[in-house]
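To keep things clear, I will list the structure first and then write my remarks on it.
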Amino acid sequence: MPLLDPFLIHSHVSTGLIGSIDSRMQRTIVSPSKSQAETMAASTATTPLGPSRISTPTTPFTRTCTPENSQTRNNYSSSASIALIGMRGSGMSTLAVMASSALGFRILDADQYFYKATGLSRAAYKATNGISQYRQEELRLMRSMLFDNPTSAVIVCGPGVVEGTGKEWLAEYAKDHLIIYVLRDAEEIQRHLRVFDVETIRDLTRRAAPAYRKLSSFEFYNISDMSLYKLDTATSRSDISPRALALKKVEEDFLQLIYSITRRDDCYSKYKAKNSLSSIPLETRKFTYTLSLPLATLSTLITEFRELDTEADALELTIPASSLGNEVGFKDTAVDRISRQFFVVRRNIRLPILYHIDIYGNERKISEDEYFELLHHGLRLAPEYLYVDLKCDTAKIQNLIASKGQTKIIAHYVVSDPAEDGWNLPKQWAMIERAQGLGCDIIRICQEAKSVEDNFAAQHFIHRVKSSPDHTIPLIAYNTGRLGRMSCYLNPILSPVTHPLVRRLAPNCPSNALLTVQEAQKAVFSSFLLDGQYFGIYGNCTSKSLSPAMHNAAFKLLGMPHRYNIFLHESMDQLFELIKDNTFGGASITAPFKTAIIPRLDFLSEEAKAIGAVNTLLCLKEPTMDSLLDRNTAGPTVALFGENTDWIGIHTCVQRNLSPINAVRRRTTGLIIGAGGMARAAAYALIRLGVKTILIHNRTRSRAEELIKQFDRQHKNDSGETTANDIEIESGSHDRPSFRIISSRDDAWPEDINLPTIVVSCVATREIDGQCSADTSLPEHWLSSPTGGVAIEPAILSASLGRAWLHEFANKAKQASEHGFQGIEVFYEDLEYEAKRLHSVETPSNDQILDAASHIRELLDGLKLTVIGLQPFLFYEGLKDREQHARLIEKIKLWFKIAKILGTNTIQIPANFLPADQLTGDMDVIVGDLVELADLGIKEDPPIRFAYEALCWSTHVDTWEKSWEVAQKVDRPNFGLCLDTFNIAGRVWGDPASPTGKTPNADQDLKESLQRLVKEVTLDKVFYIQVVDAERMETPLVKGHPFHVDGNPARMNWSRNARAYMYETDRGAYLPVEDIAKVLIHDMGYKGYVSMELFSRTMAEEGEDVPKQHAERGTAAWKKFVERLRLNDI
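The C-terminal residue of the sequence shown carries number 1130 in the working numbering, and the numbering is unbroken.
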């Protein structure tokens, strides 16, 4: 019952395939020979399960995962490296970043490994050295990457792992290391790679799958949120996750797979908030239910289930062999479909999964070999449970159990022709002994009921088995059919149920004859197997509590005849009067009794001990902790158990909503407002999440000190005295969290720690005369984490207020602040000139630059200006001069230091606009350079983000489409876009060299471009936007024009001399920047800083008022922008 607390292809084929993908499919794919196809078509087999029916396949034959080639799933070392294999575009790089962050492993990417070792991309190396030498070098480096990194690495393998010697090495590596095959929808791969059509990619995936499956033990289907939304016709509904958290559910799915495979209890306990009750195995709890969901109903039901909290304890994914057509065992498309649907269920219904291949009641019979192929494939998905038919061959079952990993095997026995007294026949006892002898974890026996009496016979059988000392295996036993429904609700564990939604939307579903959880629960209580009880919320301020409404609604939904009341008392005396009532089950404990009740308890959970407070009281009917399992039983209370579940809600809320870029790291900071019982639970939740720095803000300092002492574990300062400001505690790791107190909202945030990315308010408030009893507001500068969410706020580039050699930074910053700007982009030129002024040098050293950054940060803090980014990191990607590339890699390390001093985590990179003869157009090199940068940035603490901007005159990446293609291929969570209205309009709509100032088909081209922008670009990848216009040239900007510079593109000369603020029509502003801004803010939903990046000849004008004049112009434009776009309504 729900625990409701009252509160591969042959080598020549794979070589051709993978090689062709690597070179953008320029070579022909090798197909199997005619003789192979004829052999496949002629293959048949007869087994106890029936004859196989094989049609001639159109793709190479291979058994996807037979018992002979299935890999034993080891107990991998917690430090063993993990390798990811799969098609290009499957998202392996992003998954590697997620795993690396969660596990603390380093990332090794085969493409980057190859590039760093050779100085060339794969394509360039092949072109230079030939295919044969390329293969040799690839294999050499692949072996080095794997065997030189046996521990603490997430390795993204390249195409060579499925070819020749590479396969042998990976197979050897797999003996002690987890190898995961990553799949993805062909549409998503095509969108990412932008090569070929979807059908071609789908065919290539089919051909590659056998090789990848043979080399891996597990697989993960990388389903994007957007691909799931396609199933839902109501994509505009408010319950769909924000795009900013688009990767969050992918991260949850992937880490759950890794944790379930490796049993990383230390990591898992931090990732999932689990109390002592929900961690009890389903097979050891009373009255647990399994929702039966056939594979064929998923497309109809899954979008509806996304909205529901399912009452069942687990989900049985039933896959009828008939639903797979003729593809079972012969085409990977069948198991691809199973894998995808498995992870669709995993994404949308967060329940343990029981994997069941149904071989009964189907027109099509499958061979025993085919059946076990599908079972072994199921183990690759790491379900919590998997059924195996107990009638099958002993050796095959033993092989399956040996390969099970962490999955529990349920021996399944269906009595096909039940006798009149079937439950008393020796055969059933023999099957229990067989399942137990084979090492199965659970056994399920079922037969069709011929009469109501069969239900009592089933119960008698269960009782006899449980009473037998020789039979310890958990037993599921019930009758099927409408007459057998009584035995289903009487069966104590994992009883099959249906759902009202299934009955409504899939009326022909076979499971509709089953009871729902609500119906089963009502029957159990009506049969007096369980007792109705009453609970309540107990405290001195409970009159307006919502707990009764929530709990009573839950009781009704689950078919429980319980009730939940309000108990408003000033002392605990009345509580112990309630406990004397045999039908009293427990209470939610609120202030002021959360700590006072602890001495009166017999048992206390570890969580409640750590927190020092109890919010849940349970009445035990036996004097041992085992009676926690016997819920819903009336009788005298003989012991009291105290639990704290407050932390679970906080933990879950944070874990579900913390974006990947804000994943908990060493320098992550949490802020807790308050110091009462709830604040203690919040502190515990943050500790379980792995937060190392926790600040407490409370009106009364002594209460904050008491909270810290609660978590003190004899950490002393040098004098031997416990300190209140900096106490550390054990958190299950070598590092100890550090607590600090920040007493006043007027206090500056401590300079030595990061701004918080997690804020938990634990202040109890009530309404007095229509006013809140406490001021819960916080100073804005405490909430200015650069990776946190902000509203639409104005910012400006420091250079836009005047060039650095003429105008000092201090005056420009002062004007920005006084004119209402809240953010500022720092132009590197300003740092250089500030360093020159401070130190009276012509060429400042790195230390002097850093000193200037500190000076600027101090100045900006005084003006309450937030640095939203540092720019521009120029002329980086795609350089032919690799020595210069190496110098820039060293330079970026200085920029990281500058960014941290300035308090920003964002560096802007303009797409390279050096002359074409100095750059390569090889996209692999461009992407590889940027991946190298992103991987360096993500190792920083906090991670550094890179905002990549396509300039309308850049040499190779001159449109947002091209920059988005680059961002997708870089595929790192800290690499995104800066979208500039000038550069978007100035490429597709405006042309300064044209007499009209426009491109030939300007309006239509812009409209189509913006439609693609909304459709393709995900919001989490838009790091910030810039909004600015430009002057229309009176005469074409060509040779002879005042702005023309030989060798420069016309749009570059235009940008440097003639940008304008929005709406400055008197200065010639004419671009459709407002239309673009509307799309970014209203259609895409962008929220964050909007920066005004003005480059103009006016910036180089002399005069003290120049910064003020530019600030005034910017402010006027911003006010009109806010009014016309109604930004105050957002």
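Backbone N, C-alpha and C fix where the C-beta goes; we use that ideal spot for every residue, glycine too. Just so you know, these numbers come straight off a predicted model, no measurement behind them.
For residue i, the nearest candidate out of the options (CA to CA)
{"i": "I938", "options": "P150, V664 and E858", "result": "V664"}
{"i": "F147", "options": "T94, L1037, K175 and F896", "result": "K175"}
{"i": "E311", "options": "I443, D971 and A553", "result": "A553"}
{"i": "A80", "options": "L178, L139 and A852", "result": "L178"}
{"i": "R745", "options": "L695, I708 and T757", "result": "L695"}
{"i": "L640", "options": "D626, L617, V654 and H651", "result": "L617"}
{"i": "L863", "options": "W895, G869 and K814", "result": "K814"}
{"i": "L386", "options": "G869, W429 and F342", "result": "F342"}
{"i": "S511", "options": "L351, L291 and L530", "result": "L291"}
{"i": "G437", "options": "I131, I926 and Q398", "result": "Q398"}
{"i": "V1027", "options": "P418, N1001 and A1117", "result": "A1117"}
{"i": "E577", "options": "Y538, L930, L1080 and N1048", "result": "Y538"}
{"i": "Y833", "options": "G820, A799 and K466", "result": "A799"}
{"i": "S90", "options": "L629, L686 and I201", "result": "I201"}
{"i": "L1080", "options": "L977, R1097, K998 and E1064", "result": "L977"}
Bridge partner(s) assigned by DSSP for residue i
{"i": "L979", "result": "I1025"}
{"i": "F603", "result": "F641"}
{"i": "V759", "result": "L671"}
{"i": "V1090", "result": "P794 and I1025"}
{"i": "A1136", "result": "Because the chain is modelled from 1 through 1130, residue 1136 falls outside the range shown and cannot be assessed."}
{"i": "P320", "result": "D358"}
{"i": "Q387", "result": "Here residue 387 is Tyr; the residue named in the question, Gln, does not match the sequence. Note: Y387 sits in a beta bridge opposite I410."}
{"i": "Y289", "result": "S495"}
{"i": "F946", "result": "I907 and F975"}
{"i": "Y564", "result": "F535"}
The alpha helix (DSSP H) enclosing residue i, as first and last residue numbers
{"i": "D109", "result": "First-last for D109: R106 to D109, but that is the beta strand (DSSP E), not the alpha helix (DSSP H)."}
{"i": "D1003", "result": "A1002 to E1016"}
{"i": "V654", "result": "D646 to N657"}
{"i": "F739", "result": "Segment S738 to I741 is the beta strand (DSSP E) holding F739; no alpha helix (DSSP H) there."}
{"i": "V927", "result": "M923 to I938"}
{"i": "C619", "result": "Counting along the chain, C619 falls outside any alpha helix (DSSP H), though it belongs to the beta strand (DSSP E) covering T616 to L620."}
{"i": "F305", "result": "L298 to F305"}
{"i": "Q574", "result": "D573 to I579"}
{"i": "F809", "result": "F809 to E818"}
{"i": "V970", "result": "W960 to V970"}
Environment of residue i [buried if 16+ CB atoms lie within 10 Å]
{"i": "S733", "result": "Residue confidence for S733 is low, a pLDDT of 41 falling below 50, so the modelled location carries little weight; the figure read from the coordinates is stated next. The residue in question, S733, is exposed, as its Cβ has fewer than 16 Cβ neighbours within 10 Å."}
{"i": "Y115", "result": "buried"}
{"i": "M142", "result": "buried"}
{"i": "T318", "result": "buried"}
{"i": "R1124", "result": "exposed"}
{"i": "I1076", "result": "buried"}
{"i": "G990", "result": "buried"}
{"i": "L308", "result": "exposed"}
{"i": "Y125", "result": "buried"}
{"i": "Q884", "result": "exposed"}
{"i": "R1113", "result": "buried"}
{"i": "A853", "result": "buried"}
{"i": "H460", "result": "exposed"}
{"i": "E199", "result": "exposed"}
{"i": "Q968", "result": "buried"}
Span of the beta strand (DSSP E), counted from its first residue to its last, around residue i
{"i": "E890", "result": "Segment R882 to L902 is the alpha helix (DSSP H) holding E890; no beta strand (DSSP E) there."}
{"i": "E1141", "result": "Because the chain is modelled from 1 through 1130, residue 1141 falls outside the range shown and cannot be assessed."}
{"i": "T700", "result": "Neither: T700 is in no beta strand (DSSP E) and is coded neither H nor E."}
{"i": "H356", "result": "I353 to D358"}
{"i": "N754", "result": "No beta strand (DSSP E) holds N754; DSSP gives it neither H nor E."}
{"i": "E825", "result": "G823 to F827"}
Which runs of the alpha helix (DSSP H), 4 residues or longer, sit entirely within the segment 136-222? Listed in chain order, the complete alpha helix (DSSP H) runs (minimum 4 residues) inside the segment 136-222 are 165-173, 186-193 and 198-215.
Segments of 4+ residues assigned as alpha helix (DSSP H) that fall wholly inside the segment 404-475: DSSP runs (the alpha helix (DSSP H)) wholly in the segment 404-475: 426-438 and 453-467.
Residue ranges of each alpha helix (DSSP H) run of no fewer than 4 residues wholly in the segment 464-533, ordered along the chain? 485-490, 500-505 and 517-526, all fully within the segment 464-533.
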